[in-house]
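Q: Protein sequence lines correspond, in order, to chains B and A.
Quick note: to get the working numbering, add 23 to the position in the first sequence (first position is 1).
Quick note: to get the working numbering, add 23 to the position in the second sequence (first position is 1).
There are 2 protein chains.
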Amino acid sequence: MATKYVYSFEEGKKEMKNLLGGKGANLSEMTGLGIPIPPGFTITTETCIAYLENKNTFPKGMMDETKKALVYLEKQMGKKLGDPKDPLLVSVRSGARISMPGMMDTVLNLGLNDKAVKGLAKVSEDERFAYDSYRRFIMMFGDVVKGVGKKKFDEALDKMKEKKGVKEDVDLTTDDLKTLVNEFKKIYKDTLGEDFPQDPMEQLEASIHAVFSSWNTQRAVNYRNHEGIPHDIGTAVNIQTMVYGNLGETSATGVAFTRDPANGKDVRYGEYLIQAQGEDVVAGVRTPNPISKLKDEMPEMYKIFDEICEKLEKHYADIQDIEFTIQQGVFYILQTRTGKRTGIAAAKIAFDLEKEGMIDKRTAVSRVTPRDVENSLFPQIEWKNPKEKTVMIDGKEVQTKILAKGLPASPGAAAGIAMFTADRAKEEAEKGNKIILVSEETTPEDFHGMAASEGIITARGGMTSHAAVVSRQIGTTCIAGAGDVSGIHITKTALEGMNGLTIKEGEWMTLDGFDALAYIGKLPLKKSKLSEEMKTILKWADEIALKEGKGFHVRANADTPDQTKVAIDYGALGIGLTRTEHMFMEKDRLPIVQKMILARDNPEERRKHVFDLLPFQREDFEGIFREAKGFPVIIRLIDPPLHEFLPNEIELREEIWKEKLPKESEKVKLLAELIKLREQNPMLGYRGVRLCLGIPELIEMQARAILEAATNVQKEGVSVYPEIMIPVVAFVKEFEIARDMIMKVKADVEKETKVILEKFKVGTMIELPRAALLSDELAKAGISFASAGTNDLTQTSIGFSRDDAGKFIPLYIELGIFDEDPFVTIDQAGVGKLLAMSCSSAKSVNPDIEFGICGEHGGDPKSIDFCYRSNLDYVSCSPLRVPVARLAAAQAVINNGSRK
Amino acid sequence: MATKYVYSFEEGKKEMKNLLGGKGANLSEMTGLGIPIPPGFTITTETCIAYLENKNTFPKGMMDETKKALVYLEKQMGKKLGDPKDPLLVSVRSGARISMPGMMDTVLNLGLNDKAVKGLAKVSEDERFAYDSYRRFIMMFGDVVKGVGKKKFDEALDKMKEKKGVKEDVDLTTDDLKTLVNEFKKIYKDTLGEDFPQDPMEQLEASIHAVFSSWNTQRAVNYRNHEGIPHDIGTAVNIQTMVYGNLGETSATGVAFTRDPANGKDVRYGEYLIQAQGEDVVAGVRTPNPISKLKDEMPEMYKIFDEICEKLEKHYADIQDIEFTIQQGVFYILQTRTGKRTGIAAAKIAFDLEKEGMIDKRTAVSRVTPRDVENSLFPQIEWKNPKEKTVMIDGKEVQTKILAKGLPASPGAAAGIAMFTADRAKEEAEKGNKIILVSEETTPEDFHGMAASEGIITARGGMTSHAAVVSRQIGTTCIAGAGDVSGIHITKTALEGMNGLTIKEGEWMTLDGFDALAYIGKLPLKKSKLSEEMKTILKWADEIALKEGKGFHVRANADTPDQTKVAIDYGALGIGLTRTEHMFMEKDRLPIVQKMILARDNPEERRKHVFDLLPFQREDFEGIFREAKGFPVIIRLIDPPLHEFLPNEIELREEIWKEKLPKESEKVKLLAELIKLREQNPMLGYRGVRLCLGIPELIEMQARAILEAATNVQKEGVSVYPEIMIPVVAFVKEFEIARDMIMKVKADVEKETKVILEKFKVGTMIELPRAALLSDELAKAGISFASAGTNDLTQTSIGFSRDDAGKFIPLYIELGIFDEDPFVTIDQAGVGKLLAMSCSSAKSVNPDIEFGICGEHGGDPKSIDFCYRSNLDYVSCSPLRVPVARLAAAQAVINNGSRK
């Protein structure tokens, strides 16, 4: 059988994408559905392959088939290519199997020549339009097909505008355009040494050549290399009738959604213009009418439109974004695609479509993106015009001014007055002011000020700097590393921003944590919360993850009863990480902690101070257990090095110098301790289980606080499930010693209280490569659970300090060394490999070991997908991130298939 | 066949160790050789097993066999057990297959009773000796066999001494001892309710019971658990004639070596005493005679002694350490064992034995320990009495005083005057003084002072702290972390040491880097160098390693031409690591480097400063290539973060505060830069290839300096082999970008000079877990070699900062979390696993990739053994460590077998 090179749109269908390309297959599909689209035909991708293999020669018979298809098209349209009375005009477009937007060639208005332009002028009753189309065609053909270069045409156009003293193209008259047509033809001839072709078939043949050849331009090759698209699949060519919405009062053009993309309601949504071209609707030169008005103005057309919407939505089972043109009373769909929508709308639409029986729950869950969930949760700036970045203030549209750009460390939006120290932030917040904390960077000592602020902006630090991590944890908007990103400076008194703007204490500013932009002034915000539809979608998501994912679920990192409540309310199925060190930082406890540090080499005295902390901790844990409502709570023993609980060394020295304090003063003594505890690389220092083994009372006291709290809450009738986690474990014996101490405390507490806890576990963090490499040994030693601290594991595996990596991560993304910040999305090839090894080796010894992650990656959809593929049991993320993670968990299950 | 329970020494041999225990087999072996040892017999380990299985009952027939053996023994000796005239006395000793020193029971002088003691008195002509032996036997039998407890006997003895007004046992008279015998018998009876047994057979039977039972004491069980000795192998019992060297003028006792253990010379070496017991020779109460005098005093005895020495040495093919006793003209060997010897002697003996045809070269190489090589290389304190720690000063024996104890960071001994800053150290050294640098810790800025000093002592930092690493590198004695170890304090003006001793600037002190002890004052030192014999042994070692180890060899880490010369002279087969950063630190270069840092965001200006360094670097490299004599030289591109090249922040602040410098001053500006560059965890920061990609001129300039230098030296007719190494690589693309830049420079230099380098490679450090995990990918990207930086790999894999881990490593060793500092000996289970994975995955892609290590572990014998087992090609260590590593490399090959 001879190869068929050309398919009319009636002959194709969606499934023939490889042969007809994406665009051709879709046009065929719509044609098959009876959707009125401008007729046309497709030259196959195989033709292109043959063409390229055969040194850019059309295969024999192709042009014959093309001519036949063209004759059929002319019959369909009742017009002829090049007809001086009523010419058929066509577009010639590329369309590969995989979309390569903007990479290859397109020719519009093909079929115009010196005679046809007159016919077009007559039929359209718009001479200016006809000549404008002609001069555009000459330019496009000259540039795209013949390589004349756009520049020469543009220069001629500019010269004409200058001559006529006008600024815009639209201000040129018909005569001007006629002159331009001649000038363009002259440019064409001067450059190529031949006349602009008047024969439409010659135009067509040359255009097909051009589209096929454009497959191998350097630009296209580079793009395919980058995107991993094969080079041997070729492109199809689509030849389609041009239709115009500006051919008189019975013509129109519009853009519409089958449902409301802002809120998801099931009403048609869109705009149209009578006597206009597509770009006019979008350009905003004329104000378009709402689509509802079409019902009145063109009732028949509206009926067709409405039916098509119904049909397309049924067919694609999703909201459609369509472009249409009415040409002299005939309705054409130009394009349909899945409609972009807001987070709220995404949930509403998915929910409704499921109710309407169009999609099942799995599909509904897949239809909402993690970003949709995120955006439907956090406050946002209420833009009047998001593109122009204008807002309404006091009824007036106001242009906003950008003060700084940084990294989107914690989402949401926040407005407040700038404060430059944590203490001032707290002070002013207590007076009822809304605060933006502006600081070069933050440290654990700033926590009180951070918690009191609406938003935080720092000059230094990356996506997982202290400021970023804490902000996400407490749900505060944060822009980090703005100094590194946009070169702004933050001192103790001012933010010297971009565009010469400066902010001083008490001045209003607004942060947009999504785009990582800071604005001067107080911009209006709008609040968000999970809609009922979103909640339902997330319930479906949980069902899918738990059932098909065999228990794969989401926990939250929560350090306080409040955070625990938020987490459980947001659907976390447990607390994957409770950090206890924040409890040591609080104002009434820090002095006790500092006494303990000073007495650290005196076991008796230090024991007293450690146990002074017991009542505080027990109370904290009681609150957490109550709010956890019986879900498991993983509590990590104290993790950071001791010097984090002492003042900043340089500030202390400054005080000592300034006040000329004597040797005997407390502060000088404190400095001496600080120097002793100072570490070159605290991340790799005396912390976690190391510290706990050095000061074993810390294990004893914390275990007792946890177990007494659990016992008390269980006595109240609330189910409790404490899991004690040992941090920074590298050696099996570290775990064993700590575990044995904890089990001894447990036996003591049970003896004292005569209460046996129903559920209890001891496990370990996996945050060092050594622990990951020896997880089988840890499993043999009896860990009940393991939680990968992927932040630290990333730091140690890649050798990136998250506090310092901001200096080179942007460079690394620019150089293409990695695509994404490895502190945001897990580095699958490296850190991920280690994580997967760890999980599988632990489970090979004991399949009942619960294995999860509790780093920042726990809230990142790509990382969640990786965790599911790596056979982990859960991810744990910040409380406000839980809904996002629940959706991502279900989508991971859907995308990768059920677990055995 | 009935089981045989008892073997006379004539019946056994070395190979029957499992049955006769180690001691029994050796006594049999010597008997078989015709060596005169006190006769006796062995009850087998199998008997013990049967005894224990049968509820502590002797197997039937065992006592009959014992009695028969005893009768034979009595015949041999011409004496009878319990004979009132001339009694046979025996010892009863345990002896398992594996030695368990001090763990099980021993009974001496068995056979004495109220009558026999009189016979002994007569025969020995020493009544006091007889009664002293008797009272000792009663006590030992009562305590060891019957469990009376030593305490009661000791109290009676003390009471007697008090009563007699004497201090020492030896001051008691014969009558006193007779009284004590009676008192001891009374204690025995009072405690046990039975008389002390007068029947020697009863004594013997009870003693055998005691030895067998002692196998299962808690102490012995614990010991076996700890040492991993099986519990079911049982112990043998050896019953051997007692001989005495104090039975008159024809008796004597002595200790001797078959060769000189101090220098290895082939002469008998030892001491003896006439009319004395073994302990008298060692105790130092009487001054013993040199063994040569025996030739005159007892020529016949000497002849026997000399022949036995000859025979034993031939048999064991090694220097023997023997104990002998002459009892009334009969010569007995009591014990022979391999003799301990100094490093120099070890080499001399191994060399001589090979020449004498007693051992082959493999054995000779095995006979020298790495420690022997080490000790034969470095200066040492010249002790008069090493035990008492006295030295000779001005002809007088002087007691030394310990000032501090720390970690043995770099071996050797050094005496000098104390200086407390690097600058002062340098200053005084330039005046010709010998300096000990005393500092809380050291930083790269102190290098000039360190290099100018004989020795260094620090209060903080571990075995791989800056001070330690640099000291080993430059061959300076160093004691690190003395503050942490012994609680001493080092300020800017004084060392407040142990024992209330203080050292101030200019005062003499002496460091012993082997024992990590610092002494007050100037102690005499002696120099060491490799003996000719040692050189030969090392040559043999190289032959074995290269041939059987298929090229396994030792390189050195050398940063300067001088170090390179030392390394090559010491037998390094290449330079495994040349660090370039020290070149940036030198006084004439640092200002340029600092200018470069200040201009780092201004590519043009920074380029100028970077290239200002080119001539310096090129000259350095030329010197190194010349000294490397054609061996490969791996040069690492600049590695540390930029702030290491700037002053200390706190010191700078102090200056600014003290001098009240204005904002515009250079120092304030420098501080601002310092703050910008400051890192939380510099180890994981902006360094290595990251820095090089951020300031690409650094790659360009260094590559050019290396390649131009290599070209110049090649032109001189010296063969060169540069290998450029990229540090801190985590991602394949980091390597690729840097490699491509280097190859471009290479092409440029070749074009300019028209010289093609004969040999050249580009490779990568493996110092981050990610690089180790993805070594196959690095291999695919084309690395020609890989060198594991095991210091950094240890830091990142275990999460230990080597600068900070000193705080908890001693605790960890104490808690048994690990046996050895993982910065000294590679952590095989963790870091080693990763290293082995890395090597095998790189070689799986390209077996020609040269894979070595260049961390501190490169000089550690256990780590070298691991590297050989892990299929690495070489180890690289500090120049002075090369001889040790060469020996260790050969021993690794010998111990683990040849490579396929």
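Ideal Cβ positions, reconstructed from N, Cα and C, are used throughout, including at glycine.
In chain B, which residues lie less than 7 angstroms from asparagine 625 (chain A) when you measure between Cβ atoms?
A: Here the premise fails: no neighbours, minimum Cβ distance about 13 angstroms.
Q: Give a yes or no on whether 8 angstroms exceeds the smallest Cβ distance from threonine 819 (chain A) to chain B.
A: Cβ-Cβ to chain B under 8 angstroms: yes for threonine 819 (chain A).
Q: Please confirm whether glutamine 851 (chain A) has its beta-carbon closer than 8 angstroms to some beta-carbon of chain B.
A: For glutamine 851 (chain A), the answer is no, since every Cβ of chain B falls outside 8 angstroms of its Cβ.
Q: What residues of chain B sit near glutamate 468 (chain A), judged by a beta carbon separation below 7 angstroms?
A: Those do not exist, as glutamate 468 (chain A) stays about 14 angstroms from chain B at its closest Cβ, beyond 7 angstroms.
Q: With 16 other CB atoms within 10 Å as the buried threshold, where does histidine 254 (chain A) fall?
A: By the 10 Å Cβ count, histidine 254 (chain A) comes out exposed.
Q: Can you tell me whether asparagine 918 (chain A) is buried or exposed, with buried defined as 16 or more other CB within 10 angstroms of its CB?
A: Exposed is the call here.
Q: Confirm, please, whether the CB-CB distance from proline 906 (chain B) to leucine 400 (chain B) is below 8 angstroms.
A: Against a cut-off of 8 angstroms, the Cβ pair of proline 906 (chain B) and leucine 400 (chain B) comes out as a contact.
Q: With a cut-off of 8 angstroms on the beta carbons, I'd call isoleucine 314 (chain A) and glycine 287 (chain A) a contact; round off their distance for me.
A: Actually they are not in contact, since the Cβ atoms of isoleucine 314 (chain A) and glycine 287 (chain A) sit about 17 angstroms apart, beyond 8 angstroms.
Q: Hey, quick one: how far does the beta strand (DSSP E) through lysine 201 (chain B) stretch, first residue to last?
A: Unbroken run through lysine 201 (chain B) is the alpha helix (DSSP H), 197-215; no beta strand (DSSP E).
Q: Count the other CB atoms, across all protein chains shown, that sit within 10 Å of the CB of valine 193 (chain A); report buried if there are 16 or more and exposed otherwise.
A: Under this definition valine 193 (chain A) is an exposed residue.
Q: What residue does the beta strand (DSSP E) around leucine 709 (chain B) start on, and which one ends it?
A: It is tyrosine, not leucine, that sits at residue 709 (chain B) in the sequence shown. Neither: tyrosine 709 (chain B) is in no beta strand (DSSP E) and is coded neither H nor E.
Q: Cα-Cα, which of B:Tyr74, B:Met53, B:Tyr30, B:Asn735 is closest to lysine 90 (chain B)?
A: Of the listed residues, the one whose Cα sits closest to lysine 90 (chain B) is B:Tyr30.
Q: So what does DSSP say about valine 193 (chain B), is it helix, strand or coil?
A: Correct three-state label for valine 193 (chain B): helix.
Q: How many Å lie between glutamate 229 (chain A) and valine 168 (chain A) at the Cα?
A: In the sequence as displayed, the identity of residue 229 (chain A) is alanine instead of glutamate. Approximately 7 angstroms, taken between the alpha carbons.
Q: Helix, strand or coil for valine 778 (chain B), going by three-state DSSP, please let me know.
A: Of the three classes helix, strand and coil, the one that applies to valine 778 (chain B) here is coil, per DSSP.
Q: Taking a Cβ distance cut-off of 8 angstroms, strictly less, list which residues of the region 740-767 of chain A are near chain B, in chain order.
A: Under the 8 angstroms Cβ criterion, the region 740-767 of chain A contributes Val751, Ala753, Phe754, Lys756, Glu757, Ile760.
Q: Could you tell me whether the region 574-588 of chain B touches the region 891-902 of chain B, using the rule of 3 or more Cβ pairs below 8 angstroms?
A: Cβ pair count under 8 angstroms is three or more, so yes.
Q: Measure the CB-CB distance between alanine 865 (chain B) and isoleucine 876 (chain B) and report whether it falls below 8 angstroms.
A: It is not a contact, given that the beta carbons lie outside the stated cut-off.
Q: Mapping the DSSP letters down to three states, classify methionine 724 (chain B) as helix, strand or coil.
A: Residue state, collapsed to three classes: helix.
Q: Between the beta-carbon of proline 393 (chain A) and the beta-carbon of phenylalanine 537 (chain A), is there less than 8 angstroms?
A: For proline 393 (chain A) and phenylalanine 537 (chain A), no; Cβs fall outside 8 angstroms.
Q: Just reading off the alpha helix (DSSP H) that glycine 520 (chain A) is part of, what are its end residues?
A: Unbroken run through glycine 520 (chain A): none, as it is neither H nor E.
Q: Between leucine 774 (chain A) and arginine 762 (chain A), what straight-line distance do the alpha-carbon atoms span, to the nearest angstrom?
A: Correcting the residue type first, residue 774 (chain A) is lysine in the shown sequence and not leucine. Approximately 18 angstroms between the Cα atoms of the pair.
Q: Does the Cβ of arginine 360 (chain A) have 16 or more other Cβ atoms within 10 Å, making it buried, or fewer, making it exposed?
A: When all chains shown are included, arginine 360 (chain A) counts as exposed.
Q: Taking 8 angstroms as the threshold, find out whether the region 203-220 of chain B comes into contact with the region 114-122 of chain B through three or more Cβ pairs.
A: Short answer: they don't touch.
Q: State yes or no: is the C-beta of threonine 809 (chain A) within less than 8 angstroms of the C-beta of serine 798 (chain A)?
A: Reading off the sequence, residue 809 (chain A) comes out as alanine, not threonine. In contact: alanine 809 (chain A) and serine 798 (chain A) (Cβ atoms closer than 8 angstroms).
Q: Quick one: which chain A residues come within Cβ less than 8 angstroms of glutamate 837 (chain B)?
A: Ordered by position in chain A, no residue passes the 8 angstroms Cβ test against glutamate 837 (chain B), which lies about 10 angstroms from the chain.
Q: I want to know whether the region 633-647 of chain B touches the region 599-619 of chain B - three or more CB-CB distances under 8 angstroms.
A: Touching, yes.
Q: Does tyrosine 267 (chain B) come out as helix, strand or coil in the three-state DSSP assignment?
A: Note: tyrosine 267 (chain B) maps to coil in three-state DSSP.
Q: Taking DSSP as the reference, what is the three-state secondary structure of lysine 102 (chain A)?
A: Residue state, collapsed to three classes: coil.
Q: How about glutamate 746 (chain A) and proline 655 (chain A): are their beta carbons less than 8 angstroms apart?
A: Result yes, Cβ atoms of glutamate 746 (chain A) and proline 655 (chain A) sit closer than 8 angstroms.
Q: If we ignore side chains and look at the alpha-carbon of each, how far apart do valine 741 (chain B) and glutamate 450 (chain B) end up?
A: Roughly 38 angstroms separates the two Cα atoms.
Q: Within the 8 angstroms Cβ cut-off, does arginine 793 (chain B) reach chain A?
A: So yes, arginine 793 (chain B) belongs to the interface.
Q: Near valine 18 (chain A), what residues of its chain come up, given a Cβ to Cβ distance below 6 angstroms and the 5 sequence neighbours on each side ignored?
A: Outside the modelled stretch of chain A, which goes from 24 to 923, sits residue 18 (chain A), for which no answer is possible.
Q: Rounded to the nearest angstrom, what separates valine 115 (chain A) and glutamate 397 (chain A) at their Cα positions?
A: Straight-line Cα distance between these residues: approximately 42 angstroms.
Q: How far does the alpha helix (DSSP H) with glutamine 3 (chain A) in it extend, from its first residue to its last?
A: The displayed coordinates of chain A run from 24 to 923. Any statement about residue 3 (chain A) would go beyond what the structure contains.
Q: What residues from the region 442-470 of chain B come within 8 angstroms of chain A, judged by C-beta to C-beta, listed N to C?
A: Answer set for the region 442-470 of chain B: empty.
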